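Have a look at this one:
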């Protein structure tokens, strides 16, 4: 007689009760079903584990997002999948999708923006499973050329307790999405949040490293002696690349122009009309940075539709940061000396708040580098001027004095010689020494001329025109310049003086067949120019044309002009104009 085994009360009691009432074949069938379910559960868990490992395999954010969507569709056997990343304004800023080919995607037009059923998950970030998504109250239908979809499963992806985005799955190949599908996708979403966080941290670290490398590159470029214009263009290029912008502008205030701000450098596509043009009153974003001295982030550079005729009207998201920090040369009024402006085209992904401190720090470092380079350049100029002073002092105190002593010695020897040829040669040597002393004095004055003024110095221009007019022949005019030529002579009179010397020296060298030409420039009460040669005189044809021009210039300046022969042969041309 069979003994009845008492059943302990437990959670398995219904199972035992069911099995005890089954016949053997039914029992075997039930066991097989349970085993199959265990196998399916094991396979699904293995699939989930594989998906988690696949999602966490890389550190590239874009690749990680794509892996998440692919793994989710494979886990629940969905035909279509997507991950909508939330932007700063609450809408979808990035949409990663699987299952729709590029041709279909192009026919559909713009990607989803977070309205309708997708917006439901944004507003209420909880899992949503539907047998027919078109029957949901939030559904607004599909755009043209969109593939048909019915079943739906949506799960939020959280990163550090904040919703990063939502995972959307549609069109399960065999029936509807089940509760088990939801559990699996929720588990995957949790793992995906960790993977996304790691990828974002890696991307931010790498981006910071690239910004630091760019700052170091600019500092090295500037301190190695690169021109400021080249450095500004390099700053614009690096801002363009690292901010993932379509255009970058450097807005500066030209020296001595208060309240005027212009585009000094740019990178990317930009109309030529914008370069060098004023921007302060036209761009409120730039004006806000200049006024407040802090970075400004905007979803649209020119949000007002009335500004569509502006040269920058085609640009959308904008990020503006002050170029010059307080350490790096802000003006005494606290206004920054420049702005770095990064732009993306209208409709592009907006700049993220995380990108603001990176560009701001880069601009500060670039500004400090510009300031250090300016000081370094000024120090180099001071060193050059100090070296020139030393050379000029040595020339005056040693070389000229030795030449004077040598000349005096030769003149003393001249009186002791009875040979006419020897006396002639000694006299010629003394004159050459005097000419050398005059040239050294001219060189000393040139050494005291600041490098930035050499191109505009009247003394320099006069010396250059004398050298140019004398040509490449053996005759080199002797030049003596006395008085403060560069400070007393007005610009217009200086232009006349340059033209007069060009004509006078050219006539003496080319037409007088002279062996010596002396040029004297003196600035006192009058500006006096004299050209003396030992040639055969001036050709009458030249006197009628070129000399008439010199006389006319003297009359225009209220001065005078004379040409007379020298007692020993040759010609003396004198041109003068009042300075007071």
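In the UniProt record's numbering, the protein residues as written are 1 to 580.
Every residue, glycine too, gets a C-beta built ideally from N, C-alpha and C.
Nothing here was measured: the structure is a model prediction, and the numbers come from that model.
So, with DSSP's three-state summary, where would you put residue 331? The pLDDT assigned to residue 331 is 43, lower than 50, so where the model puts this residue is not dependable; a value taken from the coordinates is nonetheless given after this. Residue 331: coil per DSSP, three-state reduction.
Do you know offhand how far residue 552's Cα is from residue 561's? 9 angstroms
Neighbourhood of residue 315 by C-beta distance below 6 angstroms, restricted to the same chain and skipping five residues each side: 301, 343
Look at residue 526 and residue 495 and say whether their C-beta atoms are less than 7 angstroms apart. no
Does the distance from the C-beta atom of residue 186 to that of residue 155 stay below 7 angstroms? yes
Expected contact under 8 angstroms - CB spacing of residue 430 and residue 410 to nearest Å: 5 angstroms
In the DSSP assignment, what are the bridge partners of residue 266? 249
Please report how far the alpha carbon of residue 559 lies from the alpha carbon of residue 497, in whole angstroms. 12 angstroms
Quick one: Cα of residue 509 to Cα of residue 470, how far? 6 angstroms
State whether the stretch 343-357 contacts the stretch 380-398, with contact taken as three or more CB pairs (one from each stretch) at a distance under 8 angstroms. no
Is it the case that the Cβ atoms of residue 199 and residue 64 are separated by a distance below 7 angstroms? yes
Taking the beta carbon of residue 364 as the centre, do at least 16 other beta carbons fall within 10 Å, making it buried, or is it exposed? buried
Alpha carbon to alpha carbon, what distance is there between residue 85 and residue 115? 14 angstroms
For residue 155, which of helix, strand or coil comes out of DSSP? strand
So residue 147 packs on residue 92, CB below 8 angstroms; how close in whole Å? Residue 147 to residue 92, Cβ: 19 angstroms. No contact.
Beta-carbon spacing of residue 517, residue 477 below 7 angstroms: yes
Any idea what DSSP makes of residue 454, helix, strand or coil? For residue 454, the predicted model reports a pLDDT of 44, less than 50, meaning its position is unreliable; a value from the coordinates is still stated below. Note: residue 454 maps to coil in three-state DSSP.
According to DSSP, which residues form a beta bridge with residue 366? Per DSSP, none; premise fails for residue 366.
Could you pull out every residue in the same chain whose Cβ sits closer than 6 angstroms to the Cβ of residue 97, ignoring the five residues on either side in sequence? 82
Per the DSSP calculation, residue 129 is bridged to which residue(s)? 153
Which of the three DSSP states is assigned to residue 575 in this structure? strand
For the beta strand (DSSP E) that contains residue 145, what are its first and last residues? Taken as a continuous stretch (DSSP letters only), residue 145 belongs to no beta strand (DSSP E), as it is neither H nor E.
Please list the terminal residues of the continuous beta strand (DSSP E) segment that includes residue 526. 526-533
Are there 16 or more other CB atoms within 10 angstroms of the CB of residue 453, so buried, or fewer, so exposed? Note that residue 453 has pLDDT 45, beneath the 50 cutoff, so the model's placement of it is unreliable and the number below is only indicative. Answer is exposed; the Cβ neighbour count stays below 16.
Residues sharing a beta bridge with residue 70, DSSP: BP columns for residue 70 are empty, so no partner.
7 angstroms Cβ cutoff met for residue 248 and residue 225: no
For residue 349, is the classification buried or exposed, using 16 other Cβ atoms within 10 angstroms of its Cβ as the cut-off for buried? exposed
Rounded to whole angstroms, what is the Cα-Cα separation between residue 351 and residue 229? 27 angstroms
Between 163, 153, 434, which lies nearest to residue 171 when the distance is taken from Cα to Cα? 153
At what residues does the beta strand (DSSP E) containing residue 100 begin and finish? Neither: residue 100 is in no beta strand (DSSP E) and is coded neither H nor E.
Taking the alpha carbon of residue 372 as the reference point, which residue from 483, 220, 467, 440 has its own alpha carbon closest? 220
Alpha-carbon spacing of residue 197 relative to residue 241, whole angstroms: 24 angstroms
To the nearest angstrom, how far is it from the Cα of residue 283 to the Cα of residue 522? 54 angstroms
If you measure between the beta carbons of residue 466 and residue 440, is that distance less than 7 angstroms? no
In angstroms, rounded to a whole number, what distance separates the CA positions of residue 157 and residue 203? 19 angstroms
From residue 563 to residue 377, what does the alpha carbon distance come to, in whole angstroms? 49 angstroms
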